[in-house]
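Q: Here's a structure for you.
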Amino acid sequence: MSFLGTAVRRAMACRWPVSPLCRVTACCYSTQSTHTTEKSVPYEKTLKQEDDLNGPTKPLPKSADVVVIGGGSLGCQTLYHLCKMGMTNVVLLERDRLTAGTTWHTAGLLWQLRPSDTEVELLAHTRNVVSSELELETGLQTGWIQNGGLFIASNKQRLDEYKRLMSLGKAYGIESYVLSPAETKDLYPLMNVKDLYGTLYVPKDGTMDPAGTCTTLSRASTARGATVIENCPVTGIQVRTDHMGVKRVKAVETAHGTIQTPCVVNCAGVWATKLGKMAGVNVPLVAMHHAYVVTERIEGIQNMPNVRDHDASVYLRLQGDALSVGGYEHNPIFWDDVSDKFAFSLFDLDWDVFMQHIEGAVNRVPALEQTGIKSTVCGPESFTADHKPLMGEAPEVRGFFLGCGFNSAGMMLGGGCGRELAHWIIHGRPEKDMYGYDIRRFHHSLTANNRWIRERSHESYAKNYSVVFPYDEPLASRNMRKDPLHQVLQDQSCVFQERHGWERPGWFNRDGSAPVLDYDYYGAYDVPKNTAYKYNKLLGNEYTFDFPPHHDVIRAECVTCRNAVAVFDMSYFGKFYLTGPDAKKAADWLFTAVVNKAPGSTVYTCMLNKKGGVESDLTVSRLEPGAAHLPLTPESTGDAYYLAIGGGVAQHNWSHIQTALQDQGFRCTLIDHTEDMGMISIQGPKSRELLHEVLDTDLSNDAFPFSTHKIVNAAGHKVRAMRLSFVGEMGWELHVPKESCVPVYHAVMAAGAKHGVCNAGYRAIDSLSIEKGYRHWHADLRPDDTPLEAGLAFTCKMKSSIPFLGREVLEAQKAEGLRRRIVCFTIDEKVPMFGLEAVFRNGVPVGHLRRSEFGFAIDKTIGYGYIRNPDGGVVSPDFIRSGEFTLERMGVTYKATAHLKSPFDPENKRVKGFYSSLQDKTGLHTARM
5 MSFLGTAVRR AMACRWPVSP LCRVTACCYS TQSTHTTEKS VPYEKTLKQE DDLNGPTKPL
65 PKSADVVVIG GGSLGCQTLY HLCKMGMTNV VLLERDRLTA GTTWHTAGLL WQLRPSDTEV
125 ELLAHTRNVV SSELELETGL QTGWIQNGGL FIASNKQRLD EYKRLMSLGK AYGIESYVLS
185 PAETKDLYPL MNVKDLYGTL YVPKDGTMDP AGTCTTLSRA STARGATVIE NCPVTGIQVR
245 TDHMGVKRVK AVETAHGTIQ TPCVVNCAGV WATKLGKMAG VNVPLVAMHH AYVVTERIEG
305 IQNMPNVRDH DASVYLRLQG DALSVGGYEH NPIFWDDVSD KFAFSLFDLD WDVFMQHIEG
365 AVNRVPALEQ TGIKSTVCGP ESFTADHKPL MGEAPEVRGF FLGCGFNSAG MMLGGGCGRE
425 LAHWIIHGRP EKDMYGYDIR RFHHSLTANN RWIRERSHES YAKNYSVVFP YDEPLASRNM
485 RKDPLHQVLQ DQSCVFQERH GWERPGWFNR DGSAPVLDYD YYGAYDVPKN TAYKYNKLLG
545 NEYTFDFPPH HDVIRAECVT CRNAVAVFDM SYFGKFYLTG PDAKKAADWL FTAVVNKAPG
605 STVYTCMLNK KGGVESDLTV SRLEPGAAHL PLTPESTGDA YYLAIGGGVA QHNWSHIQTA
665 LQDQGFRCTL IDHTEDMGMI SIQGPKSREL LHEVLDTDLS NDAFPFSTHK IVNAAGHKVR
725 AMRLSFVGEM GWELHVPKES CVPVYHAVMA AGAKHGVCNA GYRAIDSLSI EKGYRHWHAD
785 LRPDDTPLEA GLAFTCKMKS SIPFLGREVL EAQKAEGLRR RIVCFTIDEK VPMFGLEAVF
845 RNGVPVGHLR RSEFGFAIDK TIGYGYIRNP DGGVVSPDFI RSGEFTLERM GVTYKATAHL
905 KSPFDPENKR VKGFYSSLQD KTGLHTARM
């Protein structure tokens with residue numbers, strides 16, 4: 005046995021450079037004379053079987069409606085929720101025993117507050133399942149312990165983050181308190197509080213027992229008719245191709261028989277990638293060593309809350325009268341050669357890698373310096389590119405679902421995700437907004453790219469305990485997808501954002517170019533760290549919950565767009581053509597709006613799921629039939645449509661459309677020309693004057709009205725011009741073949757020089773669009789919002805008799821009245837908000853902001869959020885008008901004004917080109933440049 009304090013001193017004395025990426029063996033501090041070699045989990049019971057089993061624990065059925073593969077937290081939770089939703093012919097296959105692989109050694113922590121409303125809801129359901137639901141149903145204890153959670157803040161920014169979480173928690177009724185250092189000391193007497201700003205205390209956080217939870221879930225499932233078969237490895241997945249050429253799951257193969265099934269759920273954890281390959285499905289995750297140590301007894305530690313000290317990158321989990329100590333390091337060890345025989349095994353702990361956590365733990369709880377280490381726990385865990393799970397139906401094979409890649413959070417997210425995955429399987433979509441976990445959030449070009457998976461997974465792991473700032477961007481795997489204007493804009497000091505592989509313009513720096521460099525792994529693994537890295541420094545300057553340092557730069561871009569003209573590179577947009585014999589039927593079914601207008605029309609519309617939730621908002625342009633002139637026009641002898649979709653969600657849209665076409669049996673072709681075209685948007689009062697010098701067409705309101713498009717010449721190049729706006733001004737988009745993008749862009753900028761043209765990026769679009777009340781999908785418009793709730797009823801062809809996906813739900817909702825509704829709020833104080841701020845009506849929490857930005861034209865902070873009636877009644881316009889609203893930002897309350905219409909240009913005159921002056925009754929502030 006060794007003491008933690010001795011470990012720190014020895015480590016500092018003989019530390020040497022970290023070994024290569026794939027190091028597996030321990031060195032320097034793995035000998036018995038220095039540290040314990042005892043490797044065991046701190047649980048009284050595990051499900052490890054000492055005697056070798058020969059063959060499956062139960063006979064295999066011939067068929068099943070669903071086969072869940074993997075008996076860890078997610079597999080057991082998914083099985084349980086499938087059964088609760090009425091499915092009985094379901095099978096769980098586990099290659100060893102339940103919890104084998106990763107679940108059995110997990111720390112089992114559950115924290116209720118996260119910077120995501122969806123995750124707060126998922127965690128709440130897990131807590132309910134393990135703390136009460138299962139025990140009531142089975143009479144068995146799961147091992148839940150409610151000892152509370154304590155988040156440590158060593159600086160102001162961290163405490164601000166915790167205050168944001170506290171405010172969000174109020175919207176969900178989660179009890180939490182910001183404590184002073186003195187109050188923290190009273191709560192946790194063994195803690196060093198000398199370097200603290202404060203803490204966030206959540207009394208009803210706790211811990212779970214993996215064996216107890218999974219055993220109880222299994223028994224509850226089998227009592228409802230499910231079959232759980234252990235010691236039965238899967239050897240193959242059979243896939244068939246149907247009459248439309250669609251690949252579908254057919255069967256699961258094992259050495260002991262084959263189960264015919266239309267649905268497989270991949271809950272195989274670290275082994276999920278191998279299982280995916282059996283079906284031809286990419287599962288973009290990596291395996292890494294993840295560790296904690298278990299201390300000897302600590303006097304006075306009993307009943308203390310679990311601790312997360314993010315700034316020290318360490319957690320302290322109460323383990324009876326001891327602690328488990330772990331965290332996330334910048335140099336984790338990758339496990340490249342994933343072994344199929346690694347069931348209840350553990351790695352030797354690499355003390356050189358782990359020592360940083362010991363140092364942080366000893367600083368936080370000094371008693372640990374003289375406390376022995378009882379055992380080490382170093383096991384495999386799966387990690388993903390954005391530190392979010394992989395869920396949903398794989399785009400490659402219908403019926404192949406993912407429930408893996410949980411980044412060490414499989415226990416705490418298991419209940420909520422298991423329920424959503426079960427609903428996904430049965431009903432085709434989850435109940436909640438699960439886009440952040442949906443495998444379709446990643447473009448198909450990335451999910452098999454090993455560099456992207458490895459670099460991004462490393463960065464996400466290393467930054468797991470970093471403060472979640474509003475405008476942060478990744479440094480790993482950048483420049484994967486660049487549009488034709490990338491270099492031109494970089495030369496003009498563009499600061500780029502990354503959106504699922506694409507580099508898109510964020511804002512334009514006044515202090516020279518700031519290119520994104522190759523990933524340096526933050527200096528780990530002997531990779532030279534990037535020095536004098538201007539882009540990284542600009543990101544660091546934005547690490548604030550105040551207005552960013554370049555707030556005035558964003559203001560200038562916005563005000564120039566409002567007063568004169570701005571050019572936006574939106575080339576990362578998805579650009580699809582929908583053609584074929586059933587294209588008109590498909591368009592009627594897919595799109596909520598009437599898109600079958602005359603060729604040359606462009607319509608803003610939504611696509612819905614079966615529950616009426618918005619899966620997408622996009623523009624659909626009807627095309628003239630004719631010969632192909634790609635990429636601007638496809639070949640078509642009948643109906644054809646051009647779809648323009650936000651680039652970050654293009655894969656999601658593609659998969660949604662394909663699924664709907666397959667389910668309805670429509671004979672259509674969906675063609676992706678995203679990479680073949682750029683998209684240049686020219687917006688502002690002087691956009692018409694500028695484009696008169698570039699385009700060979702009449703741009704008057706009569707000749708080129710709003711929501712129309714046509715093929716024109718731009719500086720000698722054929723382009724598709726559309727009169728649309730994402731920012732609330734008169735403007736046109738030019739959809740340009742990629743080889744013509746640079747000359748067309750230069751022509752636009754040259755013509756705009758005398759009009760005061762400027763480049764502008766997506767940070768400006770964020771501000772301009774919220775000011776006009778335009779929705780951003782997956783912010784104030786999500787799959788769990790209907791168009792009626794989102795204020796987009798005008799996009800729905802409810803007055804027609806044309807059926808469309810989700811229509812019945814909207815009809816019922818309209819008849820019953822809205823139980824929640826989106827509302828615009830403004831405040832007079834000049835403070836930034838970013839979303840997640842709690843909304844109160846007459847002092848009662850009724851929701852939270854989804855999205856917030858500063859509006860420079862009206863000179864106010866603007867936020868949008870969905871509010872409910874606390875009594876469960878209808879949220880009518882009168883309910884909104886009659887209430888007094890406040891917004892809580894980091895514990896401070898601000899009086900808010902609620903708006904039923906956009907406070908900027910509510911009559912929609914500017915997009916139609918009706919400008920009485922540059923400072924009209926819209927309240928445009930021109931002086932604040």
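Counting from 1 along the sequence shown, just add 4 to a position and that's the residue number in the working numbering.
Every residue, glycine too, gets a C-beta built ideally from N, C-alpha and C.
Express the C-alpha separation of N912 and S773 in angstroms, rounding to a whole number.
A: The sequence position of residue 773 within the sequence shown is 769, counting from 1. The sequence position of residue 912 within the sequence shown is 908, counting from 1. Using only the alpha carbons, I get a separation of about 13 Å.
Q: If contacts are defined as beta-carbon pairs under 8 Å, then N411 and H391 qualify, I think. What distance do you get, rounded to the angstrom?
A: Taking the first residue of the sequence shown as 1, we reach residue 411 at position 407. Taking the first residue of the sequence shown as 1, we reach residue 391 at position 387. Indeed, because the Cβ distance is near 5 Å, the residues count as touching under 8 Å.
Q: Across which residues does DSSP place T637 in a beta bridge pair?
A: In the sequence shown, residue 637 corresponds to position 633, counting from 1. For T637, which the question treats as bridged, DSSP gives the partners H633.
Q: For V269 versus F405, is the C-beta distance shorter than 8 Å?
A: Reading the sequence shown from its first residue, position 265 is the one you call residue 269. Reading the sequence shown from its first residue, position 401 is the one you call residue 405. Yes; because the gap between Cβ atoms is below 8 Å, this pair is in contact.
Q: Name the DSSP bridge partner or partners of V70?
A: Position 66 of the sequence shown, counting from 1, holds the residue named residue 70. According to DSSP, V70 bridges with V94.
Q: Indicate whether C218 and G75 have their beta-carbon atoms separated by less than 8 Å.
A: As a first step, residue 218 is located in the sequence shown; it is residue number 214 there, counting from the start. As a first step, residue 75 is located in the sequence shown; it is residue number 71 there, counting from the start. In this structure, G75 lies closer than 8 Å to C218 by Cβ.
Q: Keeping to the same chain, check which residues put their C-beta closer than 6 Å to that of A276; ignore five residues upstream and five downstream.
A: For the purposes of this step, residue 276 is taken as the residue at position 272 of the sequence shown. If we look at A276 and ignore the five residues flanking it on each side, its Cβ neighbours are N270, V287, C408.
Q: Would you list the one or two residues that DSSP bridges to S605?
A: For this step, residue 605 is matched to residue 601 along the sequence shown. Note: S605 sits in a beta bridge opposite T712.
Q: Can you tell me whether DSSP reads F808 as helix, strand or coil?
A: Mapped onto the sequence shown, residue 808 falls at position 804. In this structure, F808 counts as coil in the three-state DSSP scheme.
Q: Which residue or residues does DSSP assign as beta-bridge partners of N270?
A: Working through the sequence shown from its first residue, we reach residue 270 at position 266. Partner(s): I73, L406.
Q: Quick check on the DSSP output: the beta strand (DSSP E) that includes M359 runs from which residue to which?
A: As a position in the sequence shown, residue 359 is number 355, starting the count at 1. Premise fails: M359 lies in the alpha helix (DSSP H), 355-368, not in any beta strand (DSSP E).
Q: For G669 and H361, what's the separation of their Cα atoms in angstroms?
A: Taking the sequence shown and counting its residues from 1, one reaches residue 669 at position 665. Taking the sequence shown and counting its residues from 1, one reaches residue 361 at position 357. Rounded to the nearest angstrom, the two C-alpha atoms are 56 Å apart.
Q: Which word fits Q145, buried or exposed, when buried means at least 16 other C-beta atoms lie within 10 angstroms of its C-beta?
A: To locate residue 145, count along the sequence shown from 1; it is residue 141. The residue is exposed, with fewer than 16 neighbouring Cβ atoms inside 10 Å.
Q: Tell me the DSSP secondary structure of N567 in three-state form.
A: As a working note, residue 567 is residue 563 in the sequence shown. Residue state, collapsed to three classes: helix.
Q: Please tell me whether S620 and P399 are closer than 8 Å, where the distance is taken between their beta carbons.
A: On the sequence shown, position 616 is the one that residue 620 refers to. On the sequence shown, position 395 is the one that residue 399 refers to. No, Cβ-Cβ distance for S620 and P399 is not below 8 Å.
Q: Tell me whether H293 is buried or exposed, calling it buried when 16 or more other Cβ atoms sit within 10 Å of its Cβ.
A: By 1-based counting over the sequence shown, the position of residue 293 is 289. Per the 10 Å Cβ criterion, buried.
Q: Consult DSSP for I826 and reduce its assignment to one of helix, strand or coil.
A: Reading the sequence shown from its first residue, position 822 is the one you call residue 826. Three-state result, I826: strand.
Q: Please report the distance separating the alpha-carbon of Y645 from that of D354.
A: Within the sequence shown, the letter at position 641 stands for residue 645. Within the sequence shown, the letter at position 350 stands for residue 354. The alpha-carbon atoms of Y645 and D354 are separated by roughly 58 Å.
Q: From the DSSP output, which residues share a beta bridge with M726?
A: Position 722 of the sequence shown, counting from 1, holds the residue named residue 726. DSSP output for M726 lists H713, E737 as bridge partner(s).
Q: For L695, collect the residues of the same chain with a Cβ closer than 7 Å to its Cβ; drop the 5 residues on either side in sequence, then sort them by chain order.
A: Position 691 of the sequence shown, counting from 1, holds the residue named residue 695. Excluding residues within five positions, the ones whose Cβ falls inside 7 Å are I686, L703, W736.
Q: Are at least three pairs of beta-carbons, each pair with one atom in the segment 57-69 and one in the segment 223-241, less than 8 Å apart?
A: Touching, yes.
Q: Considering only the beta carbon of each residue, do G420 and T103 sit closer than 8 Å?
A: In the sequence shown, residue 420 corresponds to position 416, counting from 1. In the sequence shown, residue 103 corresponds to position 99, counting from 1. Not a contact, by the Cβ cut-off of 8 Å.
Q: Within the same chain, show all residues whose beta-carbon is closer than 8 Å to that of G202, passing over the 5 residues directly before and after it, in chain order.
A: In the sequence shown, the residue the question calls residue 202 occupies position 198. The answer, listed in chain order, is A157, L163, Y166, V182, L183, S184, P185, T188.
Q: Scan the segment 138-190 and note each continuous alpha helix (DSSP H) run of 4 residues or more that stays entirely inside, going in chain order.
A: Correct list: 138-142, 160-175.
Q: On the DSSP letters alone, give me the boundaries of the beta strand (DSSP E) that V206 sits inside.
A: As a position in the sequence shown, residue 206 is number 202, starting the count at 1. Where V206 is concerned, the enclosing beta strand (DSSP E) stretches over 202-206.
Q: Terminal residues of the continuous alpha helix (DSSP H) containing Y646?
A: As a first step, residue 646 is located in the sequence shown; it is residue number 642 there, counting from the start. Y646 -> not in any alpha helix (DSSP H); beta strand (DSSP E) instead, spanning 645-649.
Q: Using DSSP bridges, identify the partner residues of S920.
A: The residue given as residue 920 occupies position 916 in the sequence shown. Paired residues: none, contrary to the question.
Q: Pick out whichever of D340, L822, L450 has its Cα sitting closest to the Cα of V879.
A: For this step, residue 879 is matched to residue 875 along the sequence shown. Among D340, L822, L450, the Cα nearest to that of V879 is on L822.
Q: By Cβ distance below 8 Å, which residues in the same chain neighbour Y919 in space, the five residues on each side in sequence not counted?
A: Working through the sequence shown from its first residue, we reach residue 919 at position 915. Cβ within range, chain order: P689, M734, K913.
Q: Indicate the three-state DSSP secondary structure (helix, strand or coil) for Q374 in the structure shown.
A: Here residue 374 refers to the residue found at position 370 of the sequence shown. Reduced to three states, the DSSP call for Q374 is helix.
Q: Using a threshold of 8 Å, state whether the C-beta atoms of A900 and T890 are closer than that.
A: Numbered from 1 along the sequence shown, position 896 holds the residue referred to as residue 900. Numbered from 1 along the sequence shown, position 886 holds the residue referred to as residue 890. Cβ atoms of A900 and T890: closer than 8 Å.
Q: Tell me which residues share the same chain as K160 and place their Cβ nearer than 8 Å to its Cβ, disregarding the 5 neighbours each side in the sequence.
A: Here residue 160 refers to the residue found at position 156 of the sequence shown. Hits under 8 Å: Y201.
Q: Looking at the secondary structure, which residues open and close the alpha helix (DSSP H) in which D592 lies?
A: Translated into positions along the sequence shown, residue 592 becomes position 588. Unbroken alpha helix (DSSP H) run through D592: 587-594.
Q: For Y576 versus D487, is the C-beta spacing smaller than 8 Å?
A: Here residue 576 refers to the residue found at position 572 of the sequence shown. Here residue 487 refers to the residue found at position 483 of the sequence shown. It is a contact, given that the beta carbons lie within the stated cut-off.
Q: Report buried or exposed for M248, applying the criterion of at least 16 other Cβ atoms within 10 angstroms of its Cβ.
A: In the sequence shown, the residue the question calls residue 248 occupies position 244. M248 is exposed by the Cβ-count criterion.
Q: Can you list, in chain order, the residues of its chain whose CB lies under 8 Å from that of A283, leaving out five sequence neighbours each side?
A: Indexing the sequence shown from 1 puts residue 283 at position 279. Within the same chain, A283 has close Cβ partners I241, V243, V253, V268, A398, E400, V401, F404.
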